[in-house]
Amino acid sequence: MKQLLRTTDPMKIIYAKALLSGEDINCFEMDVHMSVLEGSLGILPRRLMVLDDDLAQARRILTDNDFELEPE
């Protein structure tokens with residue numbers, strides 16, 4: 001799996017997951033429990049992961065929807 005998105009904004013994660021789900025791309029949210037353990041202050045970023053084969057398409061979908069992604 002490859003990291004697609006890293007953010008402290010939970011709404012971005014929810015929106016990205018909805019966009020990817022609409023295109024039948026499976027994704028997995030990591031570091032959710034770490035964010036809860038730190039008290040939900042939002043200082044620890046969550047990561048959205050996708051399969052290696054889906055990365056290019058997933059990046060295209062998010063950038064077409066105005067997400068700013070880190071370079072590969």
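Position 4 of the sequence shown, counting from 1, maps to 4 under our numbering, and the rest follow consecutively. Note that CB positions come from ideal geometry on N, CA and C, so glycine has one too. These numbers were taken from a predicted model, which means no experiment stands behind them.
Check whether residue i and residue j have beta carbons under 8 Å apart
| i | j | result |
| --- | --- | --- |
| I13 | T7 | yes |
| R60 | Q3 | no |
| M49 | F28 | yes |
Alpha carbon of residue i to alpha carbon of residue j, nearest angstrom
| i | j | result |
| --- | --- | --- |
| D31 | L44 | 8 Å |
| L19 | L62 | 8 Å |
| L51 | M34 | 22 Å |
| D53 | E72 | 14 Å |
| N65 | D24 | 16 Å |
Whole-angstrom C-beta distance between residue j and residue i, which should lie under 8 Å
| i | j | result |
| --- | --- | --- |
| L5 | L55 | The Cβ separation is near 11 Å, so there is no contact. |
Exercise. Can you list, in chain order, the stretches of the beta strand (DSSP E) that have 3 or more residues and sit fully within the stretch 5-30?
Worked result: Those beta strand (DSSP E) runs which fall completely within the stretch 5-30 and span 3+ residues are 27-30.
For this session: Counting only runs of 3+ residues fully inside the stretch 43-71, write out the beta strand (DSSP E) ranges in chain order.
Result: List check, beta strand (DSSP E) in window: 46-50.
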